[in-house]
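Have a look at the structure below before the remarks.
Protein chains: 2
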Amino acid sequence: MAPNGDHPPTDFRHVFKIPTKGDLRRKTLQKSADLHSRPDDDETCVYLCGNSLGLQPTLTRQYLDQYLDTWATKGVFGHFTHINDSSLAPWMHVDDDLVEDMATIVGAKPSEVAVMQTLTVNLHLLMASFYKPTKERYKVILEGKAFPSDHYMVESQIQHHGLDPALSMILIEPPTDSGVLPTDHILSVIDRHADTTAVLLLPGVQFYTGQFLDMPRITTYAQDQGILVGWDLAHAVGNVPLQLSDWNVDFAAWCTYKYLNAGPGSIGGLYVNEKHFHRPRLAGWWGSSKSSRFDMTNRFEPIPSAAGFQLSNPSVADSTALRASLDIFKQTSMKALRAKSLELTGRLEVLLKQSEAKHLFSIITPGSKAERGAQLSIRLQPGLLDSVLVRLEEEGVVIDERKPDVIRVAPAPLYNNVEDVKAFVHVFGAACLEAAKTGK
Amino acid sequence: MAPNGDHPPTDFRHVFKIPTKGDLRRKTLQKSADLHSRPDDDETCVYLCGNSLGLQPTLTRQYLDQYLDTWATKGVFGHFTHINDSSLAPWMHVDDDLVEDMATIVGAKPSEVAVMQTLTVNLHLLMASFYKPTKERYKVILEGKAFPSDHYMVESQIQHHGLDPALSMILIEPPTDSGVLPTDHILSVIDRHADTTAVLLLPGVQFYTGQFLDMPRITTYAQDQGILVGWDLAHAVGNVPLQLSDWNVDFAAWCTYKYLNAGPGSIGGLYVNEKHFHRPRLAGWWGSSKSSRFDMTNRFEPIPSAAGFQLSNPSVADSTALRASLDIFKQTSMKALRAKSLELTGRLEVLLKQSEAKHLFSIITPGSKAERGAQLSIRLQPGLLDSVLVRLEEEGVVIDERKPDVIRVAPAPLYNNVEDVKAFVHVFGAACLEAAKTGK
Ligand SMILES: Cc1ncc(COP(=O)(O)O)c(C=O)c1O
Ligand SMILES: Cc1ncc(COP(=O)(O)O)c(C=O)c1O
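Each protein sequence line maps, in turn, to chains D and S. So that you can map any letter, position 357 of the first sequence is 357 in the numbering used here, and since no number is skipped, the others follow by simple counting. In the numbering used here, each residue's number is its place in the second sequence (first place is 1) plus 440.
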């Protein structure tokens, strides 16, 4: 996929719904219902929060309308009927229809990718296939500051096997206050538990620090010691270039509501390396051969691909929203988006370092471009956060906070631009200075 | 919930999108794109397929539009912001917002119900909590003609524990050709395996025969012998009256795309009896206390209710579609709907038995009203099915077939009426006679 030769377009701002500042200030959907107004109400807001919830493609409503029209006019036949004036696949195939474009984004063979369920559930399902503790190998290594759901997931998987998390759950704690995990540090923990570890699970991009881990090196290193390696790609997918197949990752899972813009809680994705297609699994009819699925024979014939790990018929509404999103990604490439992303985030870093308020915060995300994605995480001096957040909100600048003192700022290459970055630094710097002055 | 005193309304046909016959014949969504037309193109079709996919409430599009407007104008703030001119809850609460109305439909305490994930996944998650095989009790009893996904689910759960389905999976086979499972037959299988069985899983309404099992009697009988009892309510929810709490069911799960009209693959539901709130589970952040969910402490504090079994943030699109559906159910009661349903299905049975073609088919669904829901399953004489299906489709009559010789016909009380039932019997009878005459 390299549409337009070597220079695919990367500016898709015009095909996204970017809230205006007035939209954000109103407590209503309708404009007319509003009383107060301000001169900048019609300006688009500065939305740097695609790491939490990506914005809505304009295509989404069009496609959901098509879906609703199909349901309204075809009823149950929507499952099988090919409709001439619809861009959508029959519901029976909506998930398959997404796989190729999704695989391109994560650098995988289409057969190794399935679009299904949600992130935490997919991690559980994958662990059910990959985490088979023995007397020799029973530990799971993950980070000590993992996203809570991943922590609970691993902890409960260990307990499910009757093992004790105190002995079997190995937490890699960041060696310094920044929260960053140096690769050597990760490898040293692997070394320490090499003989007793069954699975290593790490994030491609860490949610808090924005660190992009050295996925190929860590994968190979752990596999060489007999460990299976899985990745949580919630913050990596659609953000950084991934080559899951080349890196020989064992398994991975992700969500689609961040950089993939498929909407809150939308359908997730997973990767199973083809060498693992035969693994035991928790099975469901949607993973059984399509040709015999409706024969009702009760003989499970797993589809010989990641699709064989599917369980239920997928949400058509969510698959449709994801279709709208992937139709944008299709027009460009992760390589081109990454180039733009490095530029935007690089510019953000430079401007922050030049800010008059620079003594009031520090960037905890790694300074090396290879070690980060779109997001910079910024730690404020103690006591500043609350009033800085008030000011950012007043000015229509949307970022994401992690109490007590960190904000995460992520220019999404599909819809953000340099103006967003400048506007953020301008408002943020002033807000920090003001907060410091008023002593709060 | 008994709106309008003892006589809540039961005719909601006008708030559903019923395809016209022309809609079904066209291979397009747009009318204009069509060339051929027939005089009955604008008549509503005869849709008796709510057991497979329920029709779309007109509210669904309105609510999905509100959801898309919220995402477009509030971005990530949609998670928390209460919007004055929207009927929808902030996304953070969309699932909770559904629980009370869902609980009313299944006859449960709201604390015992969660709206989450999809059916097969929910069954796996429940089995992870409830199926804890020991040396003494390790079997799972289910029907031999279970819906394939349930069969694969149980089989793979047994294998997951390192056990052999040949020894641990007990299949209740129907004693006669009809496929119906007499209660005494079920109880006798329970008796045979009483000491070694951990879990009994049965369908509330059987998908193929339409039989409504004697849930309270079977539940109590099995529990008295120390067996945990779970129910697959895919075909029961929104169809027959359920009293999960009173019946002291241990657990249950269902989908929402059949009688609940929430759209293909929409979000599912589950029931956990309050006595089981403490059970171990496969955990995720969405099941951890709301107040500390974003503290990132990595201490799992399960919500002390069925919500504690949640894993991922829910699909807002699907939750929104379900909201539209439950806003209809709220205006009536399952008692009133059941009364109408008994009437419609009773009428269907009478008319079929009076049909001139009655020698060409038999009804396999139990004749007793207490033992069935909306659906009648009809077995045709060998060789008739294919041409009968062609004729039904031509006439805009939508039912569901199970090769080689069964059709399932389900008047849904919310939107079907006596005219639908009469029209079906009329077309079906003629189609059978014609098929028999032409020798195929
Ligand atoms: C009785 C029964 N069980 C399980 C399923 C599987 O449902 P899902 O694909 O939502 O997991 C169905 C689907 O129709 C069903 O009817
Ligand atoms: C890194 C990471 N893991 C897991 C999750 C949980 O996702 P879900 O609620 O879709 O299961 C998130 C959600 O933001 C996340 O960022």
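Every residue, glycine too, gets a C-beta built ideally from N, C-alpha and C.
Using a Cβ cut-off of 8 Å (strictly closer), state whether residue i contacts chain D.
i	result
Leu464 of chain S	yes
Asp845 of chain S	no
Ala442 of chain S	Note that Ala442 of chain S scores 45 on pLDDT, short of 50, meaning its location in the model is unreliable; the coordinates nonetheless yield the value given after this. Chain D, which has no Cβ nearer than 8 Å to the Cβ of Ala442 of chain S, makes this no.
Arg842 of chain S	yes
Ala814 of chain S	no
Trp671 of chain S	no
Val838 of chain S	yes
Ala512 of chain S	yes
Ser884 of chain S	Outside the shown range of chain S (441 to 880) lies residue 884 of chain S, about which nothing can therefore be said.
Lys698 of chain S	no
Pro448 of chain S	no
Met736 of chain S	yes
Determine, for residue i, whether the minimum Cβ-Cβ distance to residues of chain S falls below 8 Å.
i	result
Ala128 of chain D	yes
Gly265 of chain D	yes
Asp327 of chain D	no
Ser291 of chain D	no
Gln206 of chain D	no
His160 of chain D	yes
Trp91 of chain D	yes
So which residues of chain D does residue i contact, with C-beta pairs closer than 8 Å?
i	result
Arg721 of chain S	Ser156
Trp725 of chain S	Thr120, Phe147, Pro148, Ser149 and Tyr152
Gln683 of chain S	Within 8 Å Cβ-Cβ: nothing; Gln683 of chain S doesn't reach chain D, min ~27 Å.
Should residue i and residue j be called a contact, given that it needs their Cβ atoms to be closer than 8 Å?
i	j	result
Leu673 of chain S	Ala692 of chain S	yes
Trp254 of chain D	Val240 of chain D	no
Thr73 of chain D	Asp463 of chain S	yes
Asp690 of chain S	Phe587 of chain S	no
Met391 of chain S	Gly644 of chain S	Only positions 441 to 880 of chain S appear in the structure, and residue 391 of chain S is not among them; the question remains open.
Leu201 of chain D	Leu142 of chain D	yes
Val385 of chain D	Ala436 of chain D	According to the sequence provided, residue 385 of chain D is Leu. The question's Val does not apply to it. Cβ atoms of Leu385 of chain D and Ala436 of chain D: not closer than 8 Å.
Ile267 of chain D	Leu311 of chain D	no
Pro314 of chain D	Val189 of chain D	no
Ser341 of chain D	Pro413 of chain D	yes
Give the residues of chain S in contact with residue i, contact being defined as C-beta atoms less than 7 Å apart.
i	result
Asn416 of chain D	Near Asn416 of chain D there are no residues of chain S at all, since even the closest Cβ is about 13 Å away, more than 7 Å.
Can you tell me whether residue i sits near ligand 3, meaning its C-beta is under 7 Å from at least one heavy atom of the ligand?
i	result
His675 of chain S	With respect to ligand 3, the structure offers nothing, as its ligand set consists of ligand 1 and ligand 2.
If residue i sits next to residue j, beta carbons under 8 Å apart, how far is it from one beta carbon to the other, in whole angstroms?
i	j	result
Ser245 of chain D	Lys358 of chain D	At roughly 42 Å, the Cβ-Cβ gap does not stay under 8 Å, so Ser245 of chain D and Lys358 of chain D are not in contact.
Phe652 of chain S	Glu811 of chain S	5 Å
Glu112 of chain D	Val272 of chain D	6 Å
Thr320 of chain D	Leu64 of chain D	6 Å
Pro133 of chain D	Ala89 of chain D	In fact, because the Cβ distance is near 40 Å, the residues do not count as touching under 8 Å.
Ala431 of chain D	Val398 of chain D	Ala431 of chain D to Val398 of chain D, Cβ: 14 Å. No contact.
Asp942 of chain S	Leu820 of chain S	Residue 942 of chain S is absent from the model: chain S starts at 441 and stops at 880.
Leu29 of chain D	Thr510 of chain S	7 Å
Gln771 of chain S	Pro479 of chain S	Wrong, their Cβ atoms sit about 35 Å apart, outside the cutoff.
Tyr855 of chain S	Phe456 of chain S	4 Å
For a contact defined as C-beta to C-beta under 9 Å, what are the partners of residue i on chain S?
i	result
Gly238 of chain D	Residues of chain S passing the Cβ test: none, with the nearest at roughly 16 Å.
Tyr47 of chain D	Gly515 and Val516
Asp85 of chain D	Lys467, Thr468, Leu469, Gln470 and Ala473
Gln211 of chain D	Correct list: empty, because the minimum Cβ distance to chain S is about 16 Å.
Lys21 of chain D	The contacting residues do not exist; Lys21 of chain D stays about 11 Å from chain S at best.
Leu392 of chain D	The premise fails here: Leu392 of chain D is roughly 12 Å from chain S at the closest Cβ pair, so nothing lies under 9 Å.
Starting from the beta carbon of residue i, find every residue of chain D whose beta carbon is closer than 7 Å, and list them in chain order.
i	result
Ala761 of chain S	Ala317
Arg501 of chain S	Leu68
Gln496 of chain S	Leu68, Trp71 and Ala72
Pro754 of chain S	Gly265
Against chain B, does residue i count as a neighbour if the rule is that its beta carbon must be under 8 Å from one of theirs?
i	result
His124 of chain D	In the structure shown, chain B does not exist; the protein chains are D and S.
Identify the contact partners of residue i in chain D, using a Cβ-Cβ distance below 9 Å as the criterion.
i	result
Phe740 of chain S	Pro148, His151, Tyr152, Glu155 and Ser156
Within the chosen definition, does the region 584 to 596 of chain S reach the region 272 to 287 of chain D through at least 3 CB pairs nearer than 8 Å? yes
Could you check whether the region 35 to 55 of chain D touches the region 256 to 263 of chain D, counting it as contact only if at least three pairs of C-beta atoms, one from each stretch, sit closer than 8 Å? Contact between the region 35 to 55 of chain D and the region 256 to 263 of chain D is present, because at least three Cβ pairs lie under 8 Å.
Taking contact to mean at least 3 C-beta pairs separated by less than 8 Å, is the region 419 to 427 of chain D in contact with the region 60 to 74 of chain D? no
With a threshold of 8 Å, are at least 3 pairs of Cβ atoms found where one atom belongs to the region 338 to 353 of chain D and the other to the region 288 to 305 of chain D? Taking 8 Å as the limit for Cβ pairs, the verdict is that the region 288 to 305 of chain D does not touch the region 338 to 353 of chain D.
Can at least three beta-carbon pairs, one atom from the region 163 to 172 of chain D and one from the region 88 to 97 of chain D, be found at a separation below 8 Å? no
Any contact between the region 132 to 142 of chain D and the region 322 to 331 of chain D? By contact I mean 3 or more CB pairs, one from each, below 8 Å. no
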